[in-house]
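Each remark here refers to the structure printed beneath this line.
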Amino acid sequence: MKFFIDTANLNQIKEAASLGVLDGVTTNPSLMAKEGIKGKDNILKHYVDICNLVDGDVSAEVLATGFSEIIQEGEMLASLHENIVVKVPMINNGLKALRYFSEKGIRTNCTLVFSPGQALLAAKAGANYVSPFIGRIDDISSDGLQLIADIRLIYDNYGFETEILAASIRHAMHIIECARLGADVATCPLQPILDLLQHPLTDKGLEKFLADSKKFI
Ligand code: G3P
14 MKFFIDTANL NQIKEAASLG VLDGVTTNPS LMAKEGIKGK DNILKHYVDI CNLVDGDVSA
74 EVLATGFSEI IQEGEMLASL HENIVVKVPM INNGLKALRY FSEKGIRTNC TLVFSPGQAL
134 LAAKAGANYV SPFIGRIDDI SSDGLQLIAD IRLIYDNYGF ETEILAASIR HAMHIIECAR
194 LGADVATCPL QPILDLLQHP LTDKGLEKFL ADSKKFI
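So the mapping is simple: our numbering equals the position in the sequence shown, first residue as 1, plus 13.
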């Protein structure tokens with residue numbers, strides 16, 4: 014399973030990369046806004062800065078919603094760095110753009126996916142990644158993990174190569190469950206990745222080993 018970090022914060026990306034288990038980055042307009050970056054040139058530079066920190070895919074989202082505007086913006090984003098994956102929303106024009114980008118060899122991540130039908134369309138259109146938002150589904154008292162299971166089954170039934178990028182992950186157990194269900198990628202903030210490290214028996218065991226080591230050192 015690949016681990017992506019879901020942030021536009023350079024320090025958090027550096028910290029995640031230093032753990033040695035980071036495979037990529039996902040961003041979205043809300044995460045970019047959180048960093049307080051303003052102006053087109055600064056935003057584009059920020060994407061390049063992120064690409065230079067990580068040896069892996071970096072999703073950069075289009076803001077346009079018209080077909081030709083999505084194409085124009087996506088081509089510009091893709092030209093910034095070889096690691097850029099163009100993030101396209103699951104809307105009518107987004108679907109058409111996924112097909113266009115696929116034929117042009119521009120890699121894509123179809124975002125804002127909340128149903129198996131949307132995921133099926135994204136795969137048929139040639140998306141490289143599909144991003145089901147599991148936490149937001151849980152937020153409305155539905156079952157985000159069931160969506161991952163449904164997409165895995167559908168993609169395996171037909172041999173679709175689109176990678177399932179589980180997004181809107183809120184805690185470490187989401188990552189474990191997504192791994193059990195066969196998601197290809199989990200993207201989340203730094204904390205759930207750090208939480209995977211934790212176990213009280215590890216702490217207790219280390220404490221005892223260190224205490225015992227004092228007896229022979
Ligand atoms: O990658 C999509 C993700 O950023 C959404 O997460 O926590 O805003 O639902 P969240």
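Backbone N, C-alpha and C fix where the C-beta goes; we use that ideal spot for every residue, glycine too.
Would the beta-carbon of N22 be found less than 7 Å away from any heavy atom of ligand 1?
As a position in the sequence shown, residue 22 is number 9, starting the count at 1. Not so, every heavy atom of ligand 1 lies at least 7 Å from the Cβ.
Count the other CB atoms, across all protein chains shown, that sit within 10 Å of the CB of L90; report buried if there are 16 or more and exposed otherwise.
Working through the sequence shown from its first residue, we reach residue 90 at position 77. The residue is buried, with at least 16 neighbouring Cβ atoms inside 10 Å.
CB-CB under 6 Å to R183, same chain, minus the five flanking residues each way: which ones, in chain order?
What you label residue 183 is simply residue 170 of the sequence shown in a count that begins at 1. Contacts found: G148.
Along the chain, which unbroken stretches of the beta strand (DSSP E) at least 3 residues long are found entirely within the region 79-155?
97-102, 121-126, 142-145
N96 beta carbon less than 8 Å from that of A71
Within the sequence shown, the letter at position 58 stands for residue 71. Within the sequence shown, the letter at position 83 stands for residue 96. The residue asked about is misnamed: residue 71 is Val in this sequence, not Ala. Against a cut-off of 8 Å, the Cβ pair of N96 and V71 comes out as a contact.
G79 to Y113, Cα distance in whole Å?
Here residue 79 corresponds to residue number 66 of the sequence shown, with the count starting at 1. Here residue 113 corresponds to residue number 100 of the sequence shown, with the count starting at 1. Cα to Cα, G79 sits roughly 13 Å from Y113.
Need the endpoints of the beta strand (DSSP E) that E74 sits in, please.
The count along the sequence shown starts at 1 and reaches residue 74 at position 61. Where E74 is concerned, the enclosing beta strand (DSSP E) stretches over 70-74.
Consult DSSP for D19 and reduce its assignment to one of helix, strand or coil.
Mapped onto the sequence shown, residue 19 falls at position 6. Of the three classes helix, strand and coil, the one that applies to D19 here is strand, per DSSP.
Report back the beta-carbon spacing between P202 and T39 to the nearest angstrom; my notes put them in contact at under 8 Å.
Numbered from 1 along the sequence shown, position 189 holds the residue referred to as residue 202. Numbered from 1 along the sequence shown, position 26 holds the residue referred to as residue 39. Not really, about 11 Å apart at Cβ, beyond 8 Å.
Tell me whether I41, by its Cβ, gets closer than 7 Å to a heavy atom of ligand 1.
Here residue 41 is taken as the residue at index 28 of the sequence shown, counted from 1. Checking the displayed sequence, the identity of residue 41 turns out to be Asn instead of Ile. Yes, Cβ of N41 sits closer than 7 Å to a heavy atom of ligand 1.
Measuring from the CB of T200, is there a heavy atom of ligand 1 at a distance below 7 Å?
If you number the sequence shown from 1, residue 200 lands on position 187. True, at least one ligand heavy atom lies under 7 Å from that Cβ.
Count the other CB atoms, across all protein chains shown, that sit within 10 Å of the CB of E190; report buried if there are 16 or more and exposed otherwise.
Working through the sequence shown from its first residue, we reach residue 190 at position 177. Classification for E190: buried.
Excluding the 5 residues preceding and the 5 following Q85 in the sequence, name in chain order all residues of the same chain whose CB lies nearer than 8 Å to its CB.
Mapped onto the sequence shown, residue 85 falls at position 72. Cβ within range, chain order: A77.
For the pair the region 165-179 and the region 192-210, tell me if three or more CB-CB distances fall below 8 Å.
yes
Simplified DSSP state of T40, which is helix, strand or coil:
Here residue 40 refers to the residue found at position 27 when the sequence shown is read from its first residue. Residue state, collapsed to three classes: coil.
Reference G107, options S92, G52, K137, closest by Cα:
Here residue 107 refers to the residue found at position 94 of the sequence shown. For the residues S92, G52, K137, the minimum Cα distance to G107 belongs to K137.
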